[in-house]
Every structure is written in C-alpha cells, then in structure tokens.
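Chains as they are written, first to last, in my numbering: chain H, 3 to 351; chain A, 81 to 460.
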C-alpha cells in the first residue's frame, strides 16, 4: 500500500470565504472552485468530462450563435440576479432567430474580494435558469481581477441553437402593412433594478420580468412560420428596438400609445423619476413583426403562453424613407419615438 | 394611474382643443411663450401642438435650467474636478452640456475627473459625510424650484460642520429672465418676436407664488397663465390665454391652483432669502449678462461657497458660432432655423445646450417633433 499521503485541500468556505487571486491563477485553488462550485452547480455530462471544450455532434439545420456580456448593479434585484439574467439574455438572443437554443458557454470575470457566498448564489441561480430552460452550460472560463478592477462579477455567456427549416426571421424583413406585436408589459425589469439602486431606492413590489423566451418563440413559430422579425427589447427599451428594426428594414412605424401595456407601478415609478417606460429595459419581452394575416394566430399563440399573456398588437409598419417611429399619444397627438440618446436621466425642474 | 391619467385624458383634450379652435379668432394669431422646459417637454411628448389651430403658436422659452447655463460656468466645475481633484456632484442633465476644449462633464469623467450624478442636493451632503478626506462640491443649478433644496444642503453642512463640502452656485431667477425677454429689442421695438402672452412656470410658481408675475401683466400688458406640467394643464392654459387676449385683458391667472397660491411657499422663500443674495449680474446662455438674475451665497456661508473656497474666477466663453441656441432661447428662432440642427448638432453630439436636456427646445423638437418638417403624407 502506498504511503504517500493524499493531498488535502480544505473545502471551499462558501459562507465566509472570498474570491482571491489564486482562484484565477490556474492552480489547485482554481481547480477547486471550478469543481466544487461551477461543475457541481451546472452538473452535466460535458462538464463532467473535464475538458477545456465541450464536444457534441451538431444537429441538422442552420445554426445560430449569440453572445452577451452581463454587468448589472445591483447584482441581486427583485425577481432575479445577474446569474439567471445571463442565461435568459443569451437564450433570448438565440431564440429571436426562431431558433431552438442548444448549449451555453459561460465566462466569469470575478473581482478579488467578492464573497464566495454571493458567487454561489449567482451560480446556483444560473444553474436553475439553465435547467428550467433545458439549455445546459457546457463549457466555461473563470478569471480573477484585482480589487477595484471589476464590479463583483461580470458574466459573458454564448449560446448556440438551431433554426428549423422554413423559418426566416431577420430584422430587415419588416414590410409596409406588417403588424407590430408586443408580448407583454414594458419597463418591469429596468424599474425593478432601479428601485434597488443606491441613492434612488424606493419601495415597490415590482419584480424583473427576466425569463427565457424560447418556449414562447417555439409556440409562435408553430402558429405562424412566416414571422418576419423578432427581437427582445432589452437595453434602450421598446423605443430603441423599434428604431433598430425600422432602420434595418428601411421602413417607418406607427404605434399606438394606448395599446402598449404598462404596469401601473412601472408607470408611477417612471412618472416620479421623469423617465419614459418606452426606453426602460426589459428582459422577458419580445417584439414580433408579422404579415397582417398572421396577426390573429400569433396573438392567440402568445396569449396562450404564460410569458405572452398580455400580448398586444401595438401598431403597423409603414413606408417612410425617414424611418421614423411615430406614436399616436393617448392624448390624441402624434410624436416621434426616437432612439435613446445617452442615458435616461431624471428631469431637474 | 390615479391623479395622473385625469390630466392626460384624450377625450378632455379633444374638448379643450375644440373650445380653443372655436374661440380663437381666425383673423389674428396668438403667439404664446411657454417659459418652462417642463411645458416644452409636455407639449412635445404629448403632441399638444397637433391639437391646436394653426393660428395658435407656441414659442419655447428659456426656462430650461441646463440650457441657460453658460459654457464658462460648466468650465469652472470641470476644472475643479480635473485640476483640484474634488468630487463634483451634479444633476444628470449637466453631464453632456458642451464646455470648452471639446470637453463636457461626461468627457472629463472619462479623463479621470471624479464627477458623480446625484438625484438631490442631500445626496451630495451624504457623499461629503462618507468621504471626509475628499473635497465634495455640489454643482447647483436650476431656477427657484431647486434653490431651496440647495439651501437646505448648505444649512445641513453648516449644522454638521462639514468642512469638506461646498457648493458652486448657479441658481437663476425666473422673473429676471422674463423681464429680459420682454425688454429685448426683438420683442419691444423690432417686433420680430411677436409675443402675446405667457404660460407661467408650474413648479417654480409653487415656490414663488403667482404674485411676481403681476408686474409683467400690468407693466408689459402681457397675460400670464400659470399652468401645471400635465398636457391638459397646458391646453387649459392656452384656452385661458386665448380668452384673455380676445377680451383685451392682461392678467395673471392661475390654472395650477392645486399647487400654486398667490404667495407661494413662504418657508422656502425665507430660507432662500436667508441663505442667498442677488448677484449684481450673471451671464445666461442666449440672453447674455442679465442684471440681478442669479443668486450667490451670503457671506455667512462663505465657508461653503466653492467660488470663495477655491478662488474661482468666471471667464465668459463664447458659444459656437454656428449655434443658434441664443436666438432660440430668446424665442427669435425656431430649432429648424438653425443650420446645424439635426446635422452637426444632435442629442448624441450636442453643440448647443438646447440639444442637451430633454427640456431643451432643440432636443424636444429633435426627439419628438422632427417629423412635422416632412411634407405631410396620408396617415395609415
């Protein structure tokens, strides 16, 4: 029997421990963090192979790939955290091509001193989101930066998916006469995060709408394979997404303010901060542009899905060489809904 | 939403629009200036102009705190942050205002200046408390609405003996600006700016009351209707102005009775009077030097006056030559008259201050109203 003592590694102190530089240096400490925290949480056959890459046979069909870096302050907010957000965000980017998401890769940049307990919370939340979505995190990477050079944790996720035959969804396919559909209330995520910002903190029961939308997209694609455009209105809000699509397709849009669903809490919070919900971020909503004849089937499919229960038709695509997005206000006038410029700021006066 | 939707009701708006159209005399024009950026914003955001007959014209006034701030004042703040390494606290709107040397506070921040957005003057005091080893300067801007909170911040700093806190005061006064416009040659002699009446400030008037406007109504024979910032407030005020002008009256009327009284907020006025005194003259962007139009700290508060503490001296810096902000702020020109509007000058790269704040005439027009410049096409 060998007399060599087995190497003892003190278990990770997930209660009081903190990330230090050795967790990113490639040695035992890093291996331990990967095994005991990341691999334990994500737990799948690819990670179990302990390779630097995940190996799988590509399914037939066209593939899509999308990547998204996540920085959010605060890291934990009502209704979610940076962990589930990083899973949902990338799944949604993949799904907006009409694709079925298959796998995720995750890169972490950790700041020295970040509590391991918080890291575990984040990773567990990611793992839960990925399991619920049925899209495993199959490979990843961790780096540690010195204190002051990060903001706790940054997460970049990359996702791949496969697009069913006959589906051609792209931001440049909107045509005059098409209808604009929205899957639900806008501004929930942005205002939920803002309600917890230091110096702005206000009491509200708002929760982020962060969610993976590929299930909803699958139902929509099944109902109307001819969908022209899909996009999730994240940063910059609905207004920015509509402007992106209008610019890409070379069309104008006319939307109806009264048709856009907004929760009263979001409206109230926007009101006292002087913000416009049209520009506030969402993490679980999508905009769909379709031919007029597909509108009824799509709305029915969306409303039958829990993430599309409040789906609404909010406007039409128009011919407009200026590519303006215009809105009929509830007040009865018209105005341009422009790109967001800079950040939305509370008004002074 | 309760207490908000009532003031944005499209049905009521159509009723008011019909009344304005019915009562406005087609034989004349009604040139009405909304003084406040808040009104400019409401008019643009809700499309109020669409509901008015062609002979009722709205002229955007200079009541946007960021827009009237001259470059030299922003420079003072930037230099404090860059050269004296203070923590400069400011309301978010100030960040993108163009300053000298191609800088703005936002760009200075990217060059290492410690500039922080605060939502209230009290947050700046809190920062000073949290950073006793740093100088914290609050860049105070705004009309009478934001002046009392600045006074409270200074009183708090005094009470707590916060020696590392000071304020760069840029507070300006509404009545002086209105007088300046009414006295301008364009309005008085040349007649290039026809000005028939004013929509008076909402929030400013909650502090100063409606009494200060009585002078304009009487002296200059211009009706003033104080109005709230909701679109129906604005519509109602327009109707009231049309009626005054039809009757040949020039009175101060108060549409915003739910918040404004004749005497205003006496406690706030007293606090401001005890803390600040008038500057002999102050430069406004667009209006130039305006006598007795701004405030500075009284001597008793010199210890918290950044200008005294850091020995700051104001230097006037001319605006970009192509920029028409000055004329626009005086109501002489419309944003579309400016050659660089929407080309060189956009909200992303503002040349003039009116393009910065969402309350600025150019930004409001660019963001909400540009499509009116396009030949009308049939609505879908």
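For each residue, glycine too, the CB sits at the ideal point set by N, CA and C.
**Prompt:** Is there at least one Cβ from chain B nearer than 8 Å to residue 213 of chain A's Cβ?
**Reply:** This model lacks chain B altogether; the protein chains it does include are H and A.
**Prompt:** Under a CB-based cut-off of 8 Å, is residue 159 of chain H close to chain A?
**Reply:** Translated into positions along the first chain, residue 159 of chain H becomes position 157. No, no contact with chain A.
**Prompt:** Exposed or buried, residue 316 of chain A, counting other C-beta atoms within 10 Å across all chains shown (16 or more means buried)?
**Reply:** Taking the second chain and counting its residues from 1, one reaches residue 316 of chain A at position 236. The residue in question, residue 316 of chain A, is buried, as its Cβ has 16 or more Cβ neighbours within 10 Å.
**Prompt:** Going straight from the alpha carbon of residue 153 of chain H to that of residue 344 of chain A, what length do you get?
**Reply:** Looking up residue 153 of chain H in the first chain gives position 151. Looking up residue 344 of chain A in the second chain gives position 264. The alpha-carbon atoms of residue 153 of chain H and residue 344 of chain A are separated by roughly 46 Å.
**Asked** Is it buried or exposed for residue 94 of chain H, if we count other Cβ within 10 angstroms and need 16 for buried?
**Response** For the purposes of this step, residue 94 of chain H is taken as the residue at position 92 of the first chain. Buried, by the Cβ-count rule.
**Message:** Suppose contacts are defined by Cβ-Cβ distances below 8 Å. Is residue 111 of chain A in contact with residue 276 of chain A by that definition?
**Reply:** What you label residue 111 of chain A is simply residue 31 of the second chain in a count that begins at 1. What you label residue 276 of chain A is simply residue 196 of the second chain in a count that begins at 1. Closer than 8 Å, so yes.
**Prompt:** Looking at C-alpha atoms only, which residue of H:88, H:82, H:116 and H:80 is the closest neighbour of residue 24 of chain H?
**Reply:** Here residue 24 of chain H corresponds to residue number 22 of the first chain, with the count starting at 1. Cα-wise, what sits closest to residue 24 of chain H is H:116.
**Message:** Counting C-beta neighbours from all protein chains within 10 Å, is the total for residue 84 of chain A 16 or more, i.e. buried, or is it exposed?
**Reply:** Stepping through the second chain from its first residue, residue 84 of chain A is reached at position 4. Exposed is the call here.
**Message:** Using a Cβ-Cβ cutoff of less than 6 Å, which residues in the same chain neighbour residue 88 of chain H once the five nearest sequence positions on both sides are dropped?
**Reply:** One-based indexing of the first chain puts residue 88 of chain H at position 86. Contacts found: 72, 157 and 159.
**Message:** Beta carbons nearer than 8 Å to chain H: which residues of the segment 120-134 of chain A have them?
**Reply:** 121, 124, 125, 126, 127, 128, 129, 130 and 131
**Touching by the beta-carbon criterion (3+ pairs, under 8 Å), the segment 26-34 of chain H and the segment 128-136 of chain H** = no
**Asked** Looking only at DSSP bridge pairs, what is residue 99 of chain A linked to?
**Response** As a working mapping, residue 99 of chain A is identified with position 19 in the second chain. Partner(s): none; residue 99 of chain A has no beta bridge.
**Prompt:** So, does the CB of residue 293 of chain A fall closer than 8 Å to a CB anywhere in chain H?
**Reply:** In the second chain, the residue the question calls residue 293 of chain A occupies position 213. By this cut-off, residue 293 of chain A is not an interface position.
**Pair within 8 Å by beta-carbon distance, residue 16 of chain H and residue 108 of chain H** = Here residue 16 of chain H refers to the residue found at position 14 of the first chain. Here residue 108 of chain H refers to the residue found at position 106 of the first chain. No. Outside cutoff.
**Request:** With DSSP as the reference, label residue 222 of chain H as helix, strand or coil.
**Result:** For the purposes of this step, residue 222 of chain H is identified with residue 220 of the first chain, where counting begins at 1. Helix at residue 222 of chain H.
**Prompt:** Considering only residues of the segment 225-251 of chain A, which uninterrupted alpha helix (DSSP H) runs meet the minimum length of 4 residues and lie entirely inside it, listed in chain order?
**Reply:** Secondary structure remark: continuous alpha helix (DSSP H) runs of at least 4 residues inside the segment 225-251 of chain A, in chain order: 227-240.
**Prompt:** Is residue 258 of chain A near residue 285 of chain A, with beta carbons less than 8 Å apart?
**Reply:** Numbered from 1 along the second chain, position 178 holds the residue referred to as residue 258 of chain A. Numbered from 1 along the second chain, position 205 holds the residue referred to as residue 285 of chain A. Going by C-beta atoms, residue 258 of chain A is not nearer than 8 Å to residue 285 of chain A.
**Request:** Would you list, in chain order, the members of the segment 162-178 of chain A that have their beta-carbon closer than 7 Å to a beta-carbon of chain H?
**Result:** 171, 172, 173 and 176
**Asked** How about residue 93 of chain A: is its C-beta nearer than 8 Å to some C-beta of chain H?
**Response** Numbered from its first residue, the second chain carries residue 93 of chain A at position 13. Closer than 8 Å: yes.
**Asked** Which whole-angstrom value is the C-beta distance of residue 319 of chain A and residue 131 of chain A, which I expect to be below 8 Å?
**Response** Position 239 of the second chain, counted from the first residue, corresponds to residue 319 of chain A. Position 51 of the second chain, counted from the first residue, corresponds to residue 131 of chain A. Their Cβ separation, rounded to whole angstroms, is 11 Å, which puts residue 319 of chain A and residue 131 of chain A out of contact at 8 Å.
**Item:** C-beta contact flag for residue 49 of chain H and residue 124 of chain H at 8 Å
**Value:** Position 47 of the first chain holds residue 49 of chain H. Position 122 of the first chain holds residue 124 of chain H. Contact: no.
**Message:** To the nearest angstrom, how far is the alpha carbon of residue 107 of chain A from that of residue 328 of chain A?
**Reply:** Taking the first residue of the second chain as position 1, residue 107 of chain A is located at position 27. Taking the first residue of the second chain as position 1, residue 328 of chain A is located at position 248. Take the alpha-carbon of residue 107 of chain A and the one of residue 328 of chain A: they are about 15 Å apart.
**Request:** Go ahead and pull the three-state DSSP assignment for residue 80 of chain H.
**Result:** What you label residue 80 of chain H is simply residue 78 of the first chain in a count that begins at 1. It is coil, neither helix nor strand.
**Prompt:** At which residues does the alpha helix (DSSP H) containing residue 417 of chain H begin and terminate?
**Reply:** With chain H covering only 3 through 351, there is no way to say anything about residue 417 of chain H.
**Prompt:** Using 8 Å as the Cβ pair cut-off and three pairs as the minimum, do the segment 245-257 of chain H and the segment 308-320 of chain H touch?
**Reply:** yes
**Prompt:** When the cut-off is 8 Å and only beta carbons count, does residue 447 of chain A lie next to chain H?
**Reply:** Walking along the second chain from the start, residue 447 of chain A turns up at place 367. True, the Cβ-Cβ gap to chain H drops below 8 Å.
**Message:** Suppose you measure from the CA of residue 458 of chain A to the CA of residue 255 of chain H; what does that come to, to the nearest Å?
**Reply:** Along the second chain, one-based indexing puts residue 458 of chain A at 378. Along the first chain, one-based indexing puts residue 255 of chain H at 253. Here residue 458 of chain A scores only 37 on pLDDT, less than 50, and its place in the model is too uncertain to base an answer on.
**Whole-number beta carbon distance between residue 315 of chain H and residue 301 of chain H, since they are thought to touch under 8 Å** = As a position in the first chain, residue 301 of chain H is number 299, starting the count at 1. As a position in the first chain, residue 315 of chain H is number 313, starting the count at 1. Contact holds; Cβ gap of about 6 Å.
**Item:** Cut-off 6 Å between Cβ atoms - residues of its own chain near residue 394 of chain A, not counting five sequence neighbours on either side
**Value:** For the purposes of this step, residue 394 of chain A is identified with residue 314 of the second chain, where counting begins at 1. If you ignore the 5 residues before and after residue 394 of chain A, its C-beta comes within less than 6 Å of the C-beta of 152, all in its own chain and listed in chain order.
**Item:** Within 8 Å, strictly: CB atoms of residue 225 of chain H and residue 299 of chain H
**Value:** On the first chain, position 223 is the one that residue 225 of chain H refers to. On the first chain, position 297 is the one that residue 299 of chain H refers to. Yes, these two residues count as a Cβ contact at 8 Å.
**Request:** Could you list which residues in chain A have their beta carbon closer than 7 Å to that of residue 343 of chain H, in chain order?
**Result:** In the first chain, residue 343 of chain H corresponds to position 341, counting from 1. Residues of chain A passing the Cβ test: 427 and 428.
**Positions along the segment 288-322 of chain A whose CB lies within less than 7 Å of some CB in chain H** = Within the segment 288-322 of chain A, the qualifying residues are 311.
**Asked** Going along the chain, which residues of its own chain have a beta-carbon closer than 8 Å to the beta-carbon of residue 232 of chain A, five neighbours each way excluded?
**Response** Residue mapping note: residue 232 of chain A aligns to position 152 of the second chain, counting from 1. 201, 202 and 351.
**Item:** 8 Å Cβ shell around residue 118 of chain A - same chain, five flanking residues per side excluded
**Value:** Counting from 1 along the second chain, the entry for residue 118 of chain A is found at position 38. The residues are 143, 281, 282, 283, 309 and 439.
**Request:** Would you kindly work out how many angstroms separate the C-alpha atoms of residue 266 of chain A and residue 227 of chain A, rounded to a whole number?
**Result:** The residue labelled residue 266 of chain A in the question sits at position 186 within the second chain. The residue labelled residue 227 of chain A in the question sits at position 147 within the second chain. Each residue's Cα considered, the two are about 30 Å apart.
**Asked** How big is the Cα-Cα spacing for residue 186 of chain A and residue 330 of chain A?
**Response** Here residue 186 of chain A refers to the residue found at position 106 when the second chain is read from its first residue. Here residue 330 of chain A refers to the residue found at position 250 when the second chain is read from its first residue. Cα to Cα, the separation comes out at about 44 Å.
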